[in-house]
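Just so it is clear: in the sequence shown, position 30 is 36 by my numbering, and no numbers are missing.
The beta-carbon is built from N, C-alpha and C at its ideal position, and this holds for glycine as well.
Since the model is a prediction, treat every value here as computed from it, not as a measurement.
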Amino acid sequence: MSRFWSAVVHGLTPYVPGEQPKLDKLVKLNTNEHPYGPSPRALAAIRAATDDSLRLYPDPNADALKAALARRHGLQPQQIFVGNGSDEVLAHAFMALLKQDRPLWFPDITYSFYPVYCGLYGIGQRVVPLADDFSIRVEDYLPQGGERPGAIIFPNPNAPTGRLLSLTDVERIVAGNPYAVVLVDEAYIDFGGDSAITLVDKYPNLLVVHTFSKSRSLAGLRVGFAAGHAELIEGLERVKNSFNSYPLDRLALAGAVASVEDEAFFQESCRKVIATRETLVGRMRALGFEVLPSAANFIFARHPQRDGAELAAELRKRAIIVRHFKAPRIDQFLRITVGTDEQCAILIEALREILGR
Ligand code: PMP
Numbered sequence: 007m008s009r010f011w012s013a014v015v016h017g018l019t020p021y022v023p024g025e026q027p028k029l030d031k032l033v034k035l036n037t038n039e040h041p042y043g044p045s046p047r048a049l050a051a052i053r054a055a056t057d058d059s060l061r062l063y064p065d066p067n068a069d070a071l072k073a074a075l076a077r078r079h080g081l082q083p084q085q086i087f088v089g090n091g092s093d094e095v096l097a098h099a100f101m102a103l104l105k106q107d108r109p110l111w112f113p114d115i116t117y118s119f120y121p122v123y124c125g126l127y128g129i130g131q132r133v134v135p136l137a138d139d140f141s142i143r144v145e146d147y148l149p150q151g152g153e154r155p156g157a158i159i160f161p162n163p164n165a166p167t168g169r170l171l172s173l174t175d176v177e178r179i180v181a182g183n184p185y186a187v188v189l190v191d192e193a194y195i196d197f198g199g200d201s202a203i204t205l206v207d208k209y210p211n212l213l214v215v216h217t218f219s220k221s222r223s224l225a226g227l228r229v230g231f232a233a234g235h236a237e238l239i240e241g242l243e244r245v246k247n248s249f250n251s252y253p254l255d256r257l258a259l260a261g262a263v264a265s266v267e268d269e270a271f272f273q274e275s276c277r278k279v280i281a282t283r284e285t286l287v288g289r290m291r292a293l294g295f296e297v298l299p300s301a302a303n304f305i306f307a308r309h310p311q312r313d314g315a316e317l318a319a320e321l322r323k324r325a326i327i328v329r330h331f332k333a334p335r336i337d338q339f340l341r342i343t344v345g346t347d348e349q350c351a352i353l354i355e356a357l358r359e360i361l362g363r
């Protein structure tokens, strides 16, 4: 520890290095990556961009990618912001839009980075408990008795629960808070939900964030984007430009554009993961697990008779890595990424052995 560190740094806990272990033959079901590769057209575009042009800086405005995303979602390019993974897009949004005089409201069980960003940027937090069935209750996010949020953020589907809020319910939260930015983090929406991007023209306070890390199988490329009213997007651009930073490198730009343009591959690769998920949920339930309904590329499950941490440790002994959270209310659950059919079969076989069934 350095005496020169600020109070902010002292309050931070480093990311658990064990989450990216370097073992061969690992069944890695812990960080919600896509089990199959990205679009071959994206790979070809990245290869084609690997030439002498790498001596040049990338396009600081990422115009080609913004245009491709705008076309795909029926928006204008000035309604799109892009960054190095959705984590960077979220970081800019916390600074530009979510830091208000009133606190930011978000669920008690949710993406762990939200409280970290609040700490970094000095943003007041109001943690809103999920319902007993781990769903987000719309009423809890509407102004109550003179209290209203400075801004709201939640993932849809939520992480790590996988539970989906219907588009109608998302709209009720957005419409019910016309004075607050509502950021919907749709990292997993392509695996079974309706995106709120279709609502951004109607609501100037709605910002929707997407990633290429999950449904587009490009976690290694680090691409994410936000869609919203041009005014919200301009706020994000101002923060980015104050760092004089480039949103994406040349390879990421080339790969991301080609991925967006390969719609058929995208649809098919989401369909495959959804089909495997449904089979996995059925098999887990047959083993006695309680599995929350999932609209994501992971499932959240607990066994009524077995301890969550113990199950995760037993799986790890068998080189199967799943995610376990030592957090209130969810410490009996495992979050399991939907892998290939083969990986899921290995998982089920290991669980059968561990449970003695
Ligand atoms: N939001 C949620 C809800 C996530 O689970 C993740 C991935 N851990 C992210 C955002 C960030 O993803 P990326 O930075 O890879 O786009």
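Comparing the C-beta of residue 66 with each C-beta of chain B, is any distance below 8 Å?
The chain labelled as chain B is not found in the depicted structure, where only one protein chain is given.
Within the present structure, is the beta-carbon of residue 230 separated from the nearest heavy atom of the ligand PMP by less than 7 Å?
yes
Cβ of residue 219 versus every heavy atom of the ligand PMP: is any distance shorter than 7 Å?
yes
Kindly confirm or deny that the region 119-133 and the region 250-266 touch, where touching means at least three C-beta pairs closer than 8 Å.
no
Nearest CA to the CA of residue 64: which residue from 297, 251, 357 and 235?
251
Given the structure, does residue 91 come close to the ligand PMP, in the sense that its CB is under 7 Å from one of the ligand's heavy atoms?
yes
Reference residue 12; option with closest CA among 363, 127 and 328
127
Going by the beta-carbon positions, is the gap between residue 340 and residue 318 smaller than 8 Å?
yes
Kindly provide the ranges of any beta strand (DSSP E) runs that are 3 or more residues long and lie completely inside the region 173-220, ordered along the chain.
187-191 and 212-217
Let me confirm a value: residue 333 is counted as buried when at least 16 other C-beta atoms fall within 10 Å, else exposed. Which label applies?
exposed
Under 8 Å between C-beta atoms of residue 68 and residue 245
no
Option in 199, 49, 226 and 149 with minimal Cα separation from residue 168
199
Alpha carbon to alpha carbon, what distance is there between residue 226 and residue 166?
21 Å
Which one or two residues does DSSP pair with residue 231 in a beta bridge?
88 and 216
How is residue 53 classed by DSSP in three states: helix, strand or coil?
helix
Given 7 Å as the limit, tell me if residue 191 has its C-beta closer than that to any heavy atom belonging to the ligand PMP.
yes
Since residue 154 contacts residue 186 with CB under 8 Å, what's their CB separation in whole angstroms?
7 Å
Residue 224 versus residue 152: straight-line alpha-carbon distance, rounded
44 Å
Near the ligand PMP: residue 161 beta-carbon under 7 Å from a heavy atom
yes
Collapsed DSSP secondary structure at residue 119 in the structure displayed:
helix
Between residue 48 and the ligand PMP, is there a pair consisting of the residue's CB and a ligand heavy atom that are separated by less than 7 Å?
no
Assuming residue 40 and residue 303 are in contact, meaning their beta carbons sit under 8 Å apart, how far apart are those beta carbons, in whole angstroms?
7 Å
Reduced DSSP category for residue 158 - H, G, I as helix; E, B as strand; rest coil
strand
How is the beta strand (DSSP E) around residue 307 delimited, first residue to last?
304-308
In three-state DSSP terms, what is residue 266?
helix
Under 8 Å, do residue 338 and residue 308 count as touching if we go by C-beta distance?
yes
Contact check, residue 33 vs residue 254 under 8 Å by CB: the rounded distance?
With 8 Å as the limit, residue 33 and residue 254 do not qualify as a contact, their Cβ atoms being about 31 Å apart.
Could you tell me the distance, in whole angstroms, from the CA atom of residue 110 to the CA atom of residue 360?
42 Å
Counting pairs of beta carbons, one from the region 53-60 and one from the region 270-289, are three or more of them closer than 8 Å?
no
For the alpha helix (DSSP H) that contains residue 336, what are its first and last residues?
Taken as a continuous stretch (DSSP letters only), residue 336 belongs to no alpha helix (DSSP H), as it is neither H nor E.
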